[in-house]
Each structure stands twice: as structure tokens, then as C-alpha cells.
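See structure below.
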Ligand SMILES: Nc1ncnc2c1ncn2[C@@H]1O[C@H](COP(=O)(O)OP(=O)(O)OP(=O)(O)O)[C@@H](O)[C@H]1O
Ligand SMILES: [Mg+2]
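Residue numbers (the working numbering): 147 to 492.
Here you go:
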């Protein structure tokens, strides 16, 4: 049996239809609210690899409905590397599954590489998974076939696609992830970090424009996770591949320039790394003083969604002594450009 990675990065159909889904309205109704309603979307969106608007995913099981994504907005530009963080159950994997074409959104708009995934046929999904995205999972049983060597594992998606010069390309990719010495090793002869690097090489096999990694460093130590992140950063920089990495590891997230936090199935805040003084000086050509300050500034912003909603941080709510459902007073101070929120007596 093929692993999920080959189903994703290779040619096998997705299991997205196994899940009983609840669709809000039908797709024709939904498209009325979408800003893009054709499968291919106009060129003004060319700068974006991902445009998610008001994305909703509802899982319906026999007794409950879970709204895993509750109107999520997310734009990722081509060539960006973005981290996604959030508590367990906040919807990170659900989002990645939608982006990877493993599952279909219930409502909203999802454009990847200029294509409207809500309009996809099964064949479109298969082409998309074969040609546009590569997936790396935390669990290596999902990424790799245990009885094959590293080299054979990397060749597999290319074999499924019928690509030529597979052996050379697989060698090259294993070299890229620093494993040229281990091409003939099988899964149980490789460490967790090495297996993850093979998984990255597999994800790269079909030249994807977008790599999606769900907790790729969840099962390795800090040093190895940093090394794996460096491989992703290098691929992003040298090959311009857009990369989205889900991580629980906030320390690791600190090394990513743009980190989006998801709360309750919605984008709640973004942490953006600004250039450090040293980097500014290097840019200005003032290299002499470049060593003075190497501290990059990271700033957290709350995301105002397209309907004007924002998620107030939980600790702010707690310190005001209010809870969800309460009425609060909101005042605008135009002079200072501030909006203030007060606990109301009602
Ligand atoms: N196939 C499914 N059927 C029903 N509910 C699901 C399914 N997949 C996810 N959910 C629910 O959707 C919500 C979001 O789950 P998701 O796996 O996206 O969270 P996550 O942020 O990836 O969490 P974690 O950090 O634990 O991996 C959860 O409440 C989860 O129980
Ligand atoms: Mg998850």
C-alpha cells in the first residue's frame, strides 16, 4: 500500500470523499459571495500563491458537527515562507488539508496558484496534487515506504508521474537535503531527522510550487528541527518555492519571518519579523556598524478580517473581567487613532 505522501505527492486519488461533509448552501450559491468564481482567476492575483477568504470547513459525523474553520482569511504571496501556529484543535491541519487538495472546503473562497479549488473536478484535484503541491507530514509512516531505500522512496512520485531521469533527479534531491551518503539506506537505518529530510526530498520530486508541512519537526529534537527549518528556508530562498509550515514549536516559529496564529478556526494574529538594525545598516551599505545590533524585532498584529471582525487576545479579555457573549463599550479616539474597549455595566 502506498503511504499518504505518495497519495499526495504522487498520483493516487485523495480520500477527501470518504469524509461525510456538510456543505453550506450549494457551490453555485456560494460562488455568489466569492470574489473569484471561475476556475482560473484573473491576473491581479498573480502575486499570490494562496488566497483564502472566509474559508469554512464543517465536519459532520454521525452525532456532531464540528466547524473546524470558521471563516478563515489568509493570503500568502508567491515565494513566501509562512509559519502557522495555534492550539491543538484550532484548525491548522484542516487548513493544510484544504490547501493540499486532500479535502474540500464547505464554503468560502480558496485560490491556489490562480486556481479556484472550490470548482475543481476530481481530475483537477489529481493534477493539482501531482503538479502543484508537495506535502511533508510529522509522521514518517505517512511520508515514506519502509522497505524501499531513500533513493527509491524519492523516485516513487516521479515513477507514478512517468517522469524521465528519475534516478539522477532523486540523487540530486537527496544531495540537496544533505543525504547524498545515505541514498541506499532503508527507513529503519535512518534517524528521525534523516527520515524527515528524505520526506522533504520526496515532496520536492515533482517540482511543486507550494510545499505544505504539517508539524515536520514534531518528532525530532531542537537541533534537528532547526536543521530541517534551515532546509526549508534554503529551498524557499534558492528555488523560490512557497512554503507553509505548521508548528507547535514556538521557539522554531521565532526563526520564521511571518507567523500566522489560528484560533478557533480563524486567523487571529500575525507575528512579523522586522529587519534588525544590523540588517538595515548592511542594506544601506554601512557595514562597519553592522555588528552593533543583531536583534531582529518581532511584532504581533491582530488580524482584522474582511468583515471587520477581530479576535481580542484571551489574556486581555480575562484582565478586563469579561467573557464571550458579554456586551462591551467601544470608543474611537480620532486624535490618537485608537479604538478603546471598556467593560460595560449592562
Ligand atoms: N475528519 C474529521 N472529522 C471530524 N472532526 C474533525 C476531523 N478532522 C478534524 N476534526 C476536528 O476539527 C477541529 C480542528 O482539527 P485540526 O486537526 O485541524 O486541528 P489542529 O490545529 O491541526 O490540531 P493539532 O495541533 O492537535 O494537530 C478539531 O475540533 C477536530 O476534532
Ligand atoms: Mg494538526
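C-beta atoms are modelled at their ideal positions from N, C-alpha and C, and glycine is treated no differently.
All values derive from a computational prediction rather than experimental measurement.
Taking 8 Å as the cut-off, is the beta-carbon of residue i closer than that to any non-hydrogen atom of ligand 2?
i           : result
residue 360 : yes
residue 239 : yes
residue 213 : no
In terms of residue numbering, what span does the beta strand (DSSP E) encompassing residue i cover?
i           : result
residue 200 : 194–206
residue 399 : Segment 396–399 is the alpha helix (DSSP H) holding residue 399; no beta strand (DSSP E) there.
residue 360 : 356–360
residue 415 : 412–420
residue 443 : 443–448
residue 329 : No beta strand (DSSP E) contains residue 329, which DSSP labels as neither H nor E.
residue 487 : 484–489
residue 479 : 474–479
residue 388 : 388–392
I think residue i touches residue j, with their Cβ atoms under 8 Å apart; what is that distance to the nearest whole Å?
i           : j           : result
residue 329 : residue 296 : 5 Å
residue 370 : residue 339 : 4 Å
residue 452 : residue 199 : 7 Å
residue 303 : residue 345 : In fact, because the Cβ distance is near 11 Å, the residues do not count as touching under 8 Å.
residue 343 : residue 374 : 7 Å
residue 231 : residue 393 : 6 Å
residue 225 : residue 386 : 5 Å
residue 361 : residue 284 : 4 Å
residue 466 : residue 489 : 5 Å
From which residue to which residue does the alpha helix (DSSP H) around residue i run?
i           : result
residue 321 : 312–322
residue 349 : 338–350
residue 371 : 368–385
residue 300 : 296–307
residue 408 : First-last for residue 408: 404–409, but that is the beta strand (DSSP E), not the alpha helix (DSSP H).
residue 466 : 460–466
Among the options, which one has its Cα closest to the Cα of residue i?
i           : options               : result
residue 378 : 203, 197 and 228      : 228
residue 288 : 341, 263 and 251      : 341
residue 292 : 335, 218 and 250      : 335
residue 204 : 223, 250 and 395      : 250
residue 445 : 400, 225, 206 and 220 : 400
residue 460 : 408, 484 and 197      : 408
residue 202 : 487, 243 and 476      : 243
residue 415 : 368, 263 and 450      : 450
residue 389 : 300, 358, 374 and 254 : 358
residue 281 : 246, 192, 372 and 455 : 246
residue 248 : 267, 232, 260 and 322 : 267
residue 219 : 454, 395, 211 and 468 : 454
residue 417 : 443, 236 and 392      : 443
residue 405 : 217, 484, 238 and 476 : 238
residue 475 : 492, 240, 252 and 207 : 492
residue 477 : 487, 483 and 395      : 487
residue 347 : 299, 233 and 447      : 299
residue 214 : 194, 196, 464 and 235 : 235
residue 384 : 355, 395 and 397      : 355
residue 294 : 380, 240, 331 and 274 : 331
residue 275 : 255, 472, 480 and 353 : 353
residue 216 : 208, 194, 223 and 255 : 255
residue 333 : 309, 366 and 286      : 286
residue 397 : 327, 364, 264 and 273 : 364
residue 222 : 196, 277, 311 and 290 : 196
Does the beta-carbon of residue i, which I'm using as the reference point, lie nearer than 8 Å to any heavy atom of ligand 1?
i           : result
residue 392 : yes
residue 491 : no
residue 205 : yes
residue 233 : yes
residue 236 : yes
residue 411 : yes
residue 377 : no
residue 487 : no
residue 357 : no
residue 408 : yes
Using a Cβ-Cβ cut-off of 9 Å, state whether residue i counts as contacting chain B.
i           : result
residue 346 : Any reference to chain B falls outside this structure, which holds one protein chain only.
Can residue i be considered in contact with ligand 3, in the sense that its beta carbon sits closer than 8 Å to one or more heavy atoms?
i           : result
residue 473 : The model depicted lacks ligand 3 and carries ligand 1 and ligand 2 instead.
*Ranges of the alpha helix (DSSP H) found wholly within the region 209–285, counting only runs of at least 4*: Within the region 209–285, the complete alpha helix (DSSP H) runs of at least 4 residues are 238–245 and 268–277.
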